[in-house]
Amino acid sequence: MIVTPQAIAILAAAEEETHNPLIPEPFEIFWSLIPLAVVFFVFFRYIMPKLGTVLDERAALIEGGISKAEKAQAEAAAALEEYTAQLTEARAEAARIREDARAEAQQILVETRDKASHEADRIVATANKQIEAERQQAIVSLRGDVGVLATELASKIVGESLADDARQQRVIDSFLDELEANVKAEG
Amino acid sequence: MNLVATESSDGFHAPSISDFYPDALFGDGTFYEFNRILLVRVIATIALLVIMGLVAKRAKVVPGRGQSIVEMILEYLRENVVYGVLGEAVGKKYDKLLITTFFTIFAFNITGTIPGLNIASTGLIGVTLVLAVIVWVVYLTSGIMKHGFVGYWKVSLFPSGAALAVKPLIALVDLLQIVLIRPATLALRLTINMIVGHLLLALTYSATQYFWVEAASNWNILYGFITFFGIFFMTALEIFVAVLQAFIFVMLSAVYINMAVSEDH
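Written as structure tokens, this is what we have:
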């Protein structure tokens, strides 16, 4: 049997005519329905619900995580605020304490200065009093001495004859010199 | 494709639409006739169920890599397609349907680029028609449950604000849209995309085979490089189209449902 190209072409054309691609074969419809029925059944009953459940679960998990994170953040913010408030309070407290200390120090200084001043006054007063007392003592002692000297002088004057003015003058001078020497020796 | 086929010499096997109609493996002529394309579809079904089943079974609150990818697709579809079009409240009722539809269509499409399978079973109109009919039934029942039977047709066919003269025309167009055009275009768009994708991809394979093996000559080997790189380009494109068409199908389904349940359109 010889098969020419023309024969092949004719055969092909004839075959194409018997199979219009736009008209379905009944057996092809049958073999469409069975796979589609199986696919739709399995997808509707099992695959889509299962994947849907997993997706929903994940969405819930993520949402839960987000809300948890938000809560944690809110808590952290509250804690920060609290700490800041406490810090501010502590700072104010420290400033107040410092201010008090400074005031107290000032007070102490003033008091000390006053006390020192009083002490100095007291010392000066005491010194003055001592000086006065010593002066009084000196006066009393001097007065005693002067009496003794006067008596001595009088006795000398009486014991010695005062012949002339020159001698008289000499006696007075020697008395005064003696007196002066006495005073110097005492001082 | 006939043009390529007639121009080719003996060794060239041009891909054709008959790739989608192979001989029966069993049950020839019965309602359960089974062939290679349907075997690919069954394999895709099992693979989808096994992969998604494993992901769902091992699904944890802290996801692994595979679970993350599936969840990313799932979340994207739910947020951007289902809730994006229908709103969250209404969308919740349809998210299972639309997301399952997406994964199913993608699984049936992607076999077109998998070596050894090399065919997208959505290239057969039957399965896309069944899916389109499911969407059709869903948006009709949703609209009727929302507005009542009469109310639904009234809202759909007689939009407020239209001039009296054009009302019959609008009603006719909308009726055709609802009962025929929307489901038909859903099914046709997907099937035709997959057929054309297969023909283009298979062409790069068979042309490369032809240029490099069957009719190897200096110039043909050079042409073969073009078609060889075409394989990579078309494979990448088909992977993209597999995702895109599944996405478009689901997006339009959501839009149609939204039109049925919205107050006025």
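Here the protein sequences line up with chains L and C, keeping their order.
Under my numbering, think of the first position of the first sequence as 1, with each following residue one higher.
Under my numbering, think of the first position of the second sequence as 1001, with each following residue one higher.
Note that the Cβ used here is the ideal one computed from N, Cα and C, for glycine as well.
CA-CA distance, residue i and residue j?
i	j	result
residue 1096 (chain C)	residue 1054 (chain C)	18 Å
residue 107 (chain L)	residue 125 (chain L)	27 Å
residue 79 (chain L)	residue 66 (chain L)	20 Å
residue 1257 (chain C)	residue 1121 (chain C)	26 Å
residue 1215 (chain C)	residue 1231 (chain C)	19 Å
residue 1007 (chain C)	residue 1116 (chain C)	Below a pLDDT of 50, predicted positions are generally treated as unreliable, and residue 1007 (chain C), at 43, falls in that range; the measurement from the model is reported next regardless. C-alpha separation (whole angstroms): 28 Å.
residue 1178 (chain C)	residue 1164 (chain C)	21 Å
residue 1192 (chain C)	residue 20 (chain L)	12 Å
residue 138 (chain L)	residue 151 (chain L)	20 Å
residue 50 (chain L)	residue 1125 (chain C)	32 Å
residue 83 (chain L)	residue 68 (chain L)	22 Å
residue 147 (chain L)	residue 129 (chain L)	27 Å
residue 1250 (chain C)	residue 1082 (chain C)	9 Å
residue 1078 (chain C)	residue 1118 (chain C)	30 Å
residue 140 (chain L)	residue 149 (chain L)	14 Å
residue 1261 (chain C)	residue 1085 (chain C)	12 Å
residue 194 (chain L)	residue 63 (chain L)	Residue 194 (chain L) lies beyond the residue range present for chain L, which begins at 1 and ends at 187; the question has no answer from this structure.
residue 1089 (chain C)	residue 1210 (chain C)	57 Å
residue 1246 (chain C)	residue 1217 (chain C)	42 Å
residue 42 (chain L)	residue 48 (chain L)	9 Å
residue 1039 (chain C)	residue 1151 (chain C)	45 Å
residue 174 (chain L)	residue 145 (chain L)	16 Å
residue 1259 (chain C)	residue 1240 (chain C)	28 Å
residue 30 (chain L)	residue 56 (chain L)	37 Å
residue 1221 (chain C)	residue 1233 (chain C)	19 Å
Indicate whether residue i and residue j have their beta-carbon atoms separated by less than 8 Å.
i	j	result
residue 1109 (chain C)	residue 1194 (chain C)	yes
residue 1187 (chain C)	residue 1128 (chain C)	yes
residue 1242 (chain C)	residue 1113 (chain C)	yes
residue 35 (chain L)	residue 1045 (chain C)	yes
residue 1043 (chain C)	residue 1020 (chain C)	no
residue 1199 (chain C)	residue 1235 (chain C)	no
residue 39 (chain L)	residue 1049 (chain C)	yes
residue 46 (chain L)	residue 1056 (chain C)	yes
residue 1105 (chain C)	residue 1074 (chain C)	no
residue 1133 (chain C)	residue 1183 (chain C)	yes
Is residue i helix, strand or coil when you go by DSSP?
i	result
residue 1035 (chain C)	strand
residue 1059 (chain C)	coil
residue 1004 (chain C)	Confidence at residue 1004 (chain C) is low in this model, with a pLDDT of 42, below 50, so its placement is unreliable and no value can be given for it.
residue 1024 (chain C)	strand
residue 19 (chain L)	coil
residue 1119 (chain C)	coil
residue 1114 (chain C)	coil
residue 1168 (chain C)	helix
residue 1103 (chain C)	helix
residue 1160 (chain C)	coil
residue 118 (chain L)	helix
residue 1030 (chain C)	coil
residue 1108 (chain C)	helix
residue 175 (chain L)	helix
residue 1 (chain L)	Residue placement at residue 1 (chain L) is flagged as unreliable, the pLDDT there being 40, under the threshold of 50; the coordinate-derived value follows with that caveat. Three-state DSSP puts residue 1 (chain L) in coil, outside helix and strand.
residue 79 (chain L)	helix
residue 1215 (chain C)	coil
residue 141 (chain L)	helix
residue 1047 (chain C)	helix
residue 1016 (chain C)	coil
Between which residues of its own chain and residue i is the CB-CB distance below 6 Å, once the five residues before and five after are set aside?
i	result
residue 1203 (chain C)	1015
residue 1005 (chain C)	Residue placement at residue 1005 (chain C) is poorly supported in this model, since its pLDDT is 41, which falls under 50; the coordinates are not used for a value here.
residue 1027 (chain C)	1033 and 1034
residue 1263 (chain C)	none
residue 1223 (chain C)	1211
residue 1025 (chain C)	1034 and 1035
residue 1238 (chain C)	1112, 1113, 1197 and 1201
residue 1012 (chain C)	1210
Identify the continuous alpha helix (DSSP H) that holds residue i and give its terminal residues.
i	result
residue 1240 (chain C)	1218-1261
residue 41 (chain L)	26-42
residue 1141 (chain C)	1125-1147
residue 1205 (chain C)	1182-1209
residue 45 (chain L)	Segment: none, residue 45 (chain L) is in no alpha helix (DSSP H) and carries neither H nor E.
residue 1075 (chain C)	1065-1076
residue 1085 (chain C)	1083-1086
Between residue i and the rest of its own chain, which residues show a CB-CB distance below 8 Å, the 5 nearest in sequence each way excluded?
i	result
residue 1158 (chain C)	1167, 1170 and 1171
residue 142 (chain L)	183 and 186
residue 1047 (chain C)	1107
residue 99 (chain L)	none
For residue i, collect the residues of the same chain with a Cβ closer than 7 Å to its Cβ; drop the 5 residues on either side in sequence, then sort them by chain order.
i	result
residue 1147 (chain C)	1155
residue 1123 (chain C)	1020, 1191, 1194, 1195 and 1198
residue 1174 (chain C)	1156 and 1157
When you compare the CB of residue i with every CB in chain A, is at least one pair closer than 8 Å?
i	result
residue 83 (chain L)	Annotation note: the requested chain A is absent from the structure, which comprises protein chains L and C.
Using a Cβ-based criterion (distance less than 7 Å to any ligand heavy atom), does residue i qualify as near the ligand HEM?
i	result
residue 91 (chain L)	No copy of the ligand HEM appears in this structure; indeed no ligand is present at all.
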